[in-house]
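Under my numbering, the first residue of the sequence shown is numbered 5, with each subsequent residue one higher.
Each residue gets a CB set at the ideal place from its N, CA and C atoms; glycine is no exception.
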Amino acid sequence: MRQPLWGRAFGYLWVLPVVALLSPLVGRADTTWHVTVGAQSKDLGRQALAFLPNEIWIHQNDSVTYRSAVDEPHTVTFMKPGQIRPVDFTQGCGGVPPFATSPATFTGGTCVSTPPLFNGDTFTIQFTHTGNYKVVCLLHPDMTGMVHVLATGAPLPHEQPYYDAQADDQADHILSEADHDGHSNNGGWQHAGSHHITVGDGEILANGGGKSTAALMRFTESTKTIHVGDTVEWENRDPATPHTITFGTEPPENVLPFPSADVKVDADGARHATLNHPGDSTHSGFIAAPPEEVPMAPTPPLAPINVSRFRVTFKSAGTYPFICALHDGLGMVGKIIVK
Ligand SMILES: [Cu+2]
C-alpha cells in the first residue's frame with residue numbers, strides 16, 4: 005500500500021531536526037589514545053612486562069591504539085565479566101576465531117584478544133560502552149591494566165602528553181627493578197663440587213591500575229667452568245616468569261613446559277639430568293617460582309609448574325652450550341665448560 009503523501013512529508017520534516025540534534029555528536033571526532041606495550045633495555049635482557057601507562061581514562065566511543073615496543077611477545081586482551089583467564093594463550097579468547105583483528109570493538113560483554121604482538125605491531129580497539137575494563141596479557145599473568153570509559157562530555161583527568169610522560173617514567177622504573185645486585189647466594193644445593201647459576205630475576209610491581217612485572221632474561225653467569233663429575237644447579241629467582249635450561253635439540257613448543265624423559269627428580273623435588281657427552285640433549289621443562297596455591301597431594305613428580313631448580317651432572321670434558329628455550333631470542337643463553 006502506498007504511503008499517504010502527508011506521511012512522507014511528515015517523515016521528511018521529522019528527520020531534519022533530528023539530524024540537527026545529532027550533528028554535534030556525529031561531527032565530534034572520537035579520540036584515539038596511545039598506550040605502549042612493554043619496554044626493554046638495549047641488549048633486550050631487561051624487560052618491562054607492562055602496559056605503559058597501565059591506567060587511562062577515555063570517553064565512550066574513543067579508541068586506544070596499543071603498540072608493542074619489545075621483542076618479548078604480549079597480548080592485549082579484554083575479557084568479559086566473570087571470564088576465567090584462558091590458560092593457553094594460543095587459544096586467545098577461546099572462541100572461533102580466537103583472536104580479533106584491528107581495528108576491533110569492545111562492548112564490555114564479549115572477550116577481545118590480539119594474537120601475540122611483537123615489536124612494532126599495533127592494535128586499535130574502540131570502546132562503545134561506559135565502564136571500567138581490565139586489560140591483561142595472556143602470556144604474563146602479572147601484566148594488567150585498566151581502561152576507564154566515561155560518558156561523552158564527562159571531564160577527563162589527563163591528556164595524551166601526560167600519559168606519554170607517565171609511560172616513560174613507568175618504563176624506567178620497572179626496568180631499573182629488573183636487575184638486582186647482591187642477591188644472596190644459593191639457598192639450595194651446597195655440596196662440594198656443585199655450582200650455582202641464577203636464572204632470571206625480577207619483581208612484581210603494582211599501582212592503582214594493575215600489575216607490572218620487571219624481568220631479567222639472563223643467566224647470572226653465561227659461561228661457567230667446572231670439572232668432570234661436577235653438578236651445576238640452576239635456580240629461577242623470578243617471581244612470575246618461567247624459564248628453561250635446554251641442552252642440545254630444542255623440544256617442540258607444545259611440550260616445552262615438560263622436562264625431557266631423561267630428567268629425574270631429586271629427593272628435594274629439584275629436577276636432575278646427567279649429560280655424558282657434549283652435544284647430548286636434555287630439557288628442564290619450565291622452572292618457575294612455586295605457584296601461590298599449592299596443588300592438592302599427590303602432586304605429580306614432574307608437574308609442569310612449581311619446580312624452581314634444575315641440576316645437571318657432567319660426565320665428560322667439553323663445551324656444553326645451553327639456552328632458555330623461551331627467551332633465547334632475547335639473548336638468554338650460556339655454556340658450561342667442563343675440564
Ligand atoms: Cu627464559
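Given Gly86 as reference, the closest of Lys138, Val342, Gly99, Gln130 once Cα atoms are compared: Here residue 86 is taken as the residue at index 82 of the sequence shown, counted from 1. Looking at the Cα atoms, Lys138 is the closest of the given residues.
Since I believe Thr35 is in contact with Ile62 (beta carbons under 8 Å), could you give me their beta-carbon distance rounded to a whole number of angstroms? As a first step, residue 62 is located in the sequence shown; it is residue number 58 there, counting from the start. As a first step, residue 35 is located in the sequence shown; it is residue number 31 there, counting from the start. Between the beta-carbon of Ile62 and that of Thr35 there is about 7 Å, and that keeps the pair under the 8 Å contact cut.
Would you say the beta carbon of Gly252 is closer than 8 Å to some non-hydrogen atom of ligand 1? Counting from one through the sequence shown, the residue named residue 252 turns up at place 248. Relative to ligand 1, Gly252 has its C-beta separated by 8 Å or more from all heavy atoms.
Arg315 beta carbon less than 9 Å from that of Asn2: With the chain covering only 5 through 343, there is no way to say anything about residue 2.
Collect the residues with a C-beta less than 5 Å away from any heavy atom of ligand 1 and give them in sequence order along the chain. With the cut-off at 5 Å, the residues found are His247, Cys328, Leu330, His331, Met336.
Local Cβ density within 10 Å of Arg89, reported as buried at 16 or more and exposed below that: The residue given as residue 89 occupies position 85 in the sequence shown. Arg89 sits exposed, since fewer than 16 C-beta atoms from the chains shown fall within 10 Å of its C-beta.
3 or more residues per run - each beta strand (DSSP E) lying fully within the segment 35-86: Segments of the beta strand (DSSP E) lying fully in the segment 35-86: 36-44, 50-56, 59-63, 67-72.
Here's the rule: buried if 16 or more other CB atoms are within 10 angstroms of the residue's CB, otherwise exposed. What is Ser216? Position 212 of the sequence shown, counted from the first residue, corresponds to residue 216. Ser216 comes out buried.
Just curious, the beta strand (DSSP E) that Gln130 is in, first and last residue? Locating residue 130 in the sequence shown gives position 126, where the first residue counts as 1. 126-131 is the span of the beta strand (DSSP E), which, as asked, contains Gln130.
With a threshold of 16 other CB atoms inside 10 Å of the CB of Gln164, please say whether the residue is buried or exposed. Position 160 of the sequence shown, counted from the start, is the residue given in the question as residue 164. It is exposed - the Cβ of Gln164 has fewer than 16 other Cβ atoms within 10 Å.
For Leu142, name the three-state secondary structure that DSSP assigns. Walking along the sequence shown from the start, residue 142 turns up at place 138. The answer is coil: DSSP assigns Leu142 none of H, G, I, E or B.
How many angstroms separate the CA atom of Gln51 from the CA atom of Gly99? For the purposes of this step, residue 51 is taken as residue 47 along the sequence shown, with counting starting at 1. For the purposes of this step, residue 99 is taken as residue 95 along the sequence shown, with counting starting at 1. Roughly 30 Å separates the two Cα atoms.
Going by beta carbon distance, what residues of the same chain come within less than 6 Å of Met83, once the five residues before and after it are set aside? Taking the sequence shown and counting its residues from 1, one reaches residue 83 at position 79. By the criterion of a C-beta distance shorter than 6 Å, Met83 is surrounded in its chain by Cys115, once the five residues flanking it on both sides are discounted.
Considering just the uninterrupted stretch of the beta strand (DSSP E) at His276, what are its terminal residues? One-based indexing of the sequence shown puts residue 276 at position 272. Start and end: 275-279.
Beta-bridge partners of His287, as assigned by DSSP: Within the sequence shown, residue 287 is the residue found at index 283, counting from 1. Bridge partners of His287: Thr250.
Given a threshold of 16 other Cβ atoms within 10 Å of its Cβ, counted over all protein chains shown, does Thr323 qualify as buried or as exposed? Position 319 of the sequence shown, counted from the first residue, corresponds to residue 323. Exposed: under 16 other Cβ atoms inside 10 Å.
Give the straight-line distance between the Cα atoms of Asp266 and Asp176, rounded to the nearest whole angstrom. In the sequence shown, counting from the first residue as 1, residue 266 sits at position 262. In the sequence shown, counting from the first residue as 1, residue 176 sits at position 172. The alpha-carbon atoms of Asp266 and Asp176 are separated by roughly 42 Å.
Sequence-distant residues of the same chain with beta carbon closer than 8 Å to Ser226, five excluded per side: Within the sequence shown, the letter at position 222 stands for residue 226. Setting aside the 5 residues that flank it on each side, Ser226 is surrounded in the same chain by Val337, Gly338, Lys339, each with a C-beta closer than 8 Å to its C-beta; the list follows chain order.
Thinking C-alpha only, which one of Gln174, Phe262, Phe326 is nearest Gly289? Here residue 289 corresponds to residue number 285 of the sequence shown, with the count starting at 1. Measuring from the Cα of Gly289, the nearest candidate turns out to be Phe262.
Per DSSP, what are the beta-bridge partners of Thr156 in this structure? Here residue 156 refers to the residue found at position 152 when the sequence shown is read from its first residue. The partner list for Thr156 (beta bridge, DSSP) is empty, contrary to what the question assumes.
Return helix, strand or coil for Leu334, following the three-state DSSP convention. By one-based count along the sequence shown, residue 334 stands at place 330. Of the three classes helix, strand and coil, the one that applies to Leu334 here is helix, per DSSP.
With DSSP as the reference, label Phe103 as helix, strand or coil. Counting from 1 along the sequence shown, the entry for residue 103 is found at position 99. Phe103: coil per DSSP, three-state reduction.
Mind checking which residues open and close the alpha helix (DSSP H) that includes His178? Here residue 178 is taken as the residue at index 174 of the sequence shown, counted from 1. It is Ile, not His, that sits at residue 178 in the sequence shown. Run containing Ile178: 164-181, per the alpha helix (DSSP H) assignment.
Could you compute how far the alpha carbon of Ala219 sits from the alpha carbon of His78? The sequence position of residue 219 within the sequence shown is 215, counting from 1. The sequence position of residue 78 within the sequence shown is 74, counting from 1. Cα to Cα, Ala219 sits roughly 14 Å from His78.
CA-CA distance, Ile208 and Phe93? Taking the sequence shown and counting its residues from 1, one reaches residue 208 at position 204. Taking the sequence shown and counting its residues from 1, one reaches residue 93 at position 89. Rounded to whole angstroms, Ile208 to Phe93 spans 20 Å at the Cα level.
Close-in-space but distant-in-sequence residues of the same chain around Leu4 (CB under 7 Å, 5 per side omitted): Outside the displayed range of the chain (5 to 343) lies residue 4, so it cannot be described from this structure.
Would you kindly work out how many angstroms separate the C-alpha atoms of Val210 and His247, rounded to a whole number? Here the question's residue 210 lines up with position 206 in the sequence shown. Here the question's residue 247 lines up with position 243 in the sequence shown. Checking the sequence shown, residue 210 turns out to be Ala, not Val. Looking at the two C-alpha atoms, the distance is approximately 23 Å.
Alpha-carbon to alpha-carbon, Thr134 and Phe55: Within the sequence shown, residue 55 is the residue found at index 51, counting from 1. Within the sequence shown, residue 134 is the residue found at index 130, counting from 1. Going from the Cα of Phe55 to the Cα of Thr134 covers about 21 Å.
Let me know if Thr81 comes out buried or exposed under the rule of 16 or more other beta-carbons within 10 Å of its beta-carbon. To locate residue 81, count along the sequence shown from 1; it is residue 77. In summary, Thr81 is buried, with 16 or more beta-carbon neighbours lying within 10 Å of its beta-carbon over all protein chains present.
Rounded Cβ spacing between Asn58 and Met150 (contact assumed at less than 8 Å): By 1-based counting over the sequence shown, the position of residue 58 is 54. By 1-based counting over the sequence shown, the position of residue 150 is 146. Indeed they touch by this definition, with Cβ atoms about 7 Å apart.
Of the listed residues Cys328, His331, Val342, nearest to Ala321 (C-alpha basis): Position 317 of the sequence shown holds residue 321. Cα-wise, what sits closest to Ala321 is Val342.
What is the rounded straight-line gap between the Cα of Val298 and the Cα of Ala244? Residue numbering aside, residue 298 sits at position 294 when the sequence shown is read from its first letter. Residue numbering aside, residue 244 sits at position 240 when the sequence shown is read from its first letter. Unreliable positioning characterises Val298 in this predicted model, as indicated by a pLDDT of 48, which lies under 50. The coordinate reading is nonetheless provided below. So the two alpha carbons sit approximately 15 Å from each other.
Report yes if the C-beta of Gly273 is less than 8 Å from at least one heavy atom of ligand 3; otherwise report no. Although ligand 3 was asked about, the structure shown includes only ligand 1 as ligands.
Through-space distance from Leu142 to Phe1, alpha-carbon basis: Any property of residue 1 remains undetermined from this structure, which presents the chain solely from 5 to 343.
Which residue or residues does DSSP assign as beta-bridge partners of Gly214? Within the sequence shown, numbered from 1, the residue matching residue 214 stands at position 210. For Gly214, which the question treats as bridged, DSSP gives the partners Asn211.
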